[in-house]
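Below you'll find the structure, written out as structure tokens, and then a few comments.
Protein chains: 2
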Amino acid sequence: MNQIISLDQVSGILVCQSGCILEALDHYLSNYELTMPLDLGAKGSCQIGGNVSTNAGGIRLLRYGSLHGNVLGLEVVLPNGEIVDCLTTLRKDNTGYDLKQLFIGAEGTLGIITAVSILCPPQPKSVSVALLGCETFDSILQVFKSSKLYLGEILSAFEFMDSQSMILVKENLKLNSPLVDYPFYALVECSGSNAHHDEEKLMSLLHAVLDKGEALDGCIVTDSAKIKNIWSLRERCAEALMYDGYCYKYDVSLPLSAFYQLVLDMRDRLGANATRVVAYGHVGDGNLHLNITSRQYSKTTFDLIEPFVFEWVAKYRGSISAEHGLGLKKREYIHHSKTPSAVALMAAVKKTIDPKGIMNPYKVLPESILR
Amino acid sequence: MNQIISLDQVSGILVCQSGCILEALDHYLSNYELTMPLDLGAKGSCQIGGNVSTNAGGIRLLRYGSLHGNVLGLEVVLPNGEIVDCLTTLRKDNTGYDLKQLFIGAEGTLGIITAVSILCPPQPKSVSVALLGCETFDSILQVFKSSKLYLGEILSAFEFMDSQSMILVKENLKLNSPLVDYPFYALVECSGSNAHHDEEKLMSLLHAVLDKGEALDGCIVTDSAKIKNIWSLRERCAEALMYDGYCYKYDVSLPLSAFYQLVLDMRDRLGANATRVVAYGHVGDGNLHLNITSRQYSKTTFDLIEPFVFEWVAKYRGSISAEHGLGLKKREYIHHSKTPSAVALMAAVKKTIDPKGIMNPYKVLPESILR
């Protein structure tokens, strides 16, 4: 089930079977100056059906939006064996409920996706990256706001790292940063259709944030090897954490106003019970990766973290799982991110479509609500 | 119920009650250099709750995508009186089914939307428009493809008119076009964050399409009064039709490969039974507005048009209602755009959420399926 069914080169609408590998689709599209609207670290092995079932986010979400907007159609097999063909290639279709949306992010608990129709944007012709050093997390937010104003439509990623993340990749992976040490770092990527215009915009941003004192230092790179080096500081954080011994990992969404406070509170709470409390993530998407390391797993440390972290996120109306879904391990925590009436409505939908509970059982919804 | 609840100026996430007028929201946002991700002719009177309930499209869809991607949260009152609070302000939240999607475009048949959380992009700093004359509809598609390549991220609208549409506004409204007569016209709008860059890109596009022979003539305007004049050629088509007497109106989505053939087939079929068969629309969204005029309503003409038009659209897997929904008049035609298994699943969802059928009754789904 890894066949491409059709590509409309003019509209950029691709239809393919669900077993197609994400990277293979992107390679195929590059022949037509198009690109996939999502990109993940796992692109070499993940399949588009799984991407849709888990509502995968990734680093292009800031630019192209979520799969709920980019997926135009799905073919799905229901638990009763019936095939629901909503595999249209239309950008606009207001004829009844948008059923395909139910299956995006349902983690396979409502049906099995067998084919996908997806809108693919033009491939960017140029990419540039800036790395900026900032004094406070509030400055990071100011730089984000300035980036949206100065870069507008070409802003394609806005990531942050705290100083502990930078120390982590320097110590554990011997990576080098082009900047001296700062409390916070912003990685700003822009990609567009005109290299000259894009560099000019990024340069204006750099001057503006330095003039306004939002950033203390910064550099711009346009060479692809240097871009890769800067991205590796951010992307290899996850790998660097493992060198510390054990890692407690959390992937949460928070309103930007509360974003970094969770990290400070966790650091206070854990004190010497953690080797590091490290934070990085997609500021542009409100998605924080919070990681706590220790020499080995400790029940004491774990009990200090959970359920504290879920309760903290719930208090600020965040999400306890921004990208990774609930699956088996987090399904009993759903009430921290969803109200009882919402969970009850989910259960009603599940019972309507899968009354015998045979689709990916024991996942997403709490056991009690399904009885 | 017309209060703004919150605005996060950094992320651009607006939360408001459902009775807010679209234009009022846009004015409010302009104070913060933000804009609404949708725009319609009816913006001065339509309410955001209705926009979401009908999944309104409009002229910014090409640029910012659909409400399924931009609406981040909803508060909805269910038929049993329960309030489902999914009013989060998060771009990423993979905790269970994305319930809000069910209510987007459901035309009020599943619940009543009382509040909306929506992602608002930065306000463009510059707008430019090109009007191009083309020999064939195929050239229009070539110009669309070139526009995506040359304008990339700043392309904000791509509309087409056929010669009959241009004759219509000239004859019935005495409007002037800056170009001499051509069989087809493309209206290309770009909006971005840097006027100088944007004009340079639009100029490159104009040179390229003229050099390649995709367009025969063209002009670029950047002055807001002139932009308005060019837009009025396209936007006032609907008004101009009324001067002919009676108008049979269709709003369909079609794959671009079949887009204009429907117009040619209809013109052949109707012959002298119609005064005009006029076509214009959003090529960028695959959305065709097909209009047929006659001195007065004629049953003969009507019977030649329907159900022929719906069957034609179904044959090419189009949508019989791109933007306007099914409502009361088109609900019995849903099978032309949706398969029986999809309609059955819609009915199952409707019966689960609204077992008594009290929410906006007699709309969207055919009577027979709800029994």
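Protein sequence lines correspond, in order, to chains A and Y.
With UniProt numbering applied, the first sequence has no gaps in its numbers, which climb one by one up to 371 at the end.
With UniProt numbering applied, the second sequence has no gaps in its numbers, which climb one by one up to 371 at the end.
Glycine included, each C-beta is placed from N, C-alpha and C at the ideal position.
Only a predicted model underlies this, so the values are computations on that prediction, with no experimental measurement involved.
Please report the Cβ distance between V209/Y and V143/Y, rounded to the nearest whole angstrom; I am assuming they are in contact, meaning their Cβ atoms lie under 8 Å.
5 Å
On the criterion of 16 or more Cβ atoms from any shown chain inside 10 Å, does Q261/A qualify as buried, or is it exposed?
exposed
Quick check on K350/A: buried or exposed, where buried means 16 or more other Cβ atoms within 10 Å of its Cβ?
buried
Is V283/Y closer than 8 Å to I140/Y when the C-beta atoms are compared?
yes
Which residue marks the beginning of the beta strand (DSSP E) containing R276/Y, and which one marks its end?
R276 to H282
Which residue marks the beginning of the alpha helix (DSSP H) containing H289/A, and which one marks its end?
It is not in any alpha helix (DSSP H) - H289/A instead sits in the beta strand (DSSP E) that spans N287 to S294.
Let's see if you can read the secondary structure: which residues bound the alpha helix (DSSP H) around Y64/Y?
L61 to Y64
Can you list, in chain order, the stretches of the alpha helix (DSSP H) that have 4 or more residues and sit fully within the stretch 215-248 of chain Y?
224-235 and 237-241
Once you ignore the five residues that flank S18/A on each side, which residues in its own chain have a CB closer than 7 Å to its CB?
M1, Q47, I48, G49, I113, T114, A115 and V116
How far does the beta strand (DSSP E) with A344/Y in it reach, from first residue to last?
It is not in any beta strand (DSSP E) - A344/Y instead sits in the alpha helix (DSSP H) that spans P340 to I353.
In angstroms with no decimal places, state the Cα-to-Cα distance between I21/Y and L14/Y.
14 Å
Does S139/A come out as helix, strand or coil in the three-state DSSP assignment?
S139/A: helix per DSSP, three-state reduction.
With A24/Y as the anchor, note down where its alpha helix (DSSP H) starts and where it stops.
Its alpha helix (DSSP H) spans residues L22 to S30.
In chain order, what are the residue ranges of uninterrupted alpha helix (DSSP H) at least 4 long that sit wholly in the stretch 128-187 of chain Y?
137-151 and 163-173
Cut-off 6 Å between Cβ atoms - residues of its own chain near D39/A, not counting five sequence neighbours on either side:
G58, I59 and R60
Do the CB positions of S257/Y and D8/A come within less than 8 Å of each other?
yes
For H207/A, go through chain Y and note every residue whose CB falls closer than 8 Å to its CB, in chain order.
Within chain Y, no residue comes near H207/A; the closest Cβ sits about 14 Å away, beyond 8 Å.
Does any CB atom of chain A fall closer than 8 Å to the CB of N94/Y?
yes
S53/A, DSSP secondary structure in three states:
helix
Near Q296/A, what residues of its chain come up, given a Cβ to Cβ distance below 7 Å and the 5 sequence neighbours on each side ignored?
G245 and Y246
Distance cutoff 8 Å, beta carbons only. Does E199/A sit that close to anything in chain C?
In the displayed structure, chain C is absent; the protein chains listed are A and Y.
Use the C-beta contact count for E332/Y: other C-beta atoms within 10 angstroms, 16 or more gives buried, fewer gives exposed.
exposed
Outcome for A225/Y when other beta-carbon atoms lying within 10 angstroms are tallied against a minimum of 16
exposed
As assigned by DSSP and simplified to three states, the class of A115/Y
strand
Kindly give me the distance between the Cβ atoms of Y316/Y and L254/Y, rounded to whole angstroms, as I take these residues to be in contact under 8 Å.
In this structure Y316/Y touches L254/Y by the C-beta definition: roughly 6 Å separates them, less than 8 Å.
Going along the stretch 282-310 of chain A in order, which residues come within less than 7 Å of chain Y, judged by CB to CB distance?
Legend: CB atoms of the stretch 282-310 of chain A lying less than 7 Å from CB atoms of chain Y belong to residues D285, G286 and N287.
In whole angstroms, what is the alpha-carbon distance linking A157/A and I220/A?
14 Å
Select from the stretch 340-351 of chain A all residues with a C-beta closer than 9 Å to any C-beta belonging to chain Y, and list them in chain order.
S341, A342, V343, A344, L345, M346, A348, V349, K350 and K351
Measuring CA to CA, which of L241/A, K338/A and A106/A is closest to N172/A?
L241/A
Could you give the residue range of the alpha helix (DSSP H) that holds S204/A?
A195 to D211
Just to confirm, are C120/A and L34/A a CB contact at a threshold of 8 Å?
yes
Contact criterion: CB-CB distance below 8 Å. Does D39/Y meet it with respect to chain A?
no
Name, going along the chain, the residues of the stretch 129-154 of chain A whose beta-carbon falls closer than 9 Å to a beta-carbon of chain Y.
Listed in sequence order: L141, Q142, F144, K145, K148, L149, Y150, L151, G152, E153 and I154.
Here's the rule: buried if 16 or more other CB atoms are within 10 angstroms of the residue's CB, otherwise exposed. What is A106/A?
buried
Between which two residues does the alpha helix (DSSP H) containing D268/Y stretch?
Q261 to L270
In terms of alpha-carbon separation, which member of S368/A, S204/A and T89/A lies closest to L149/A?
S204/A
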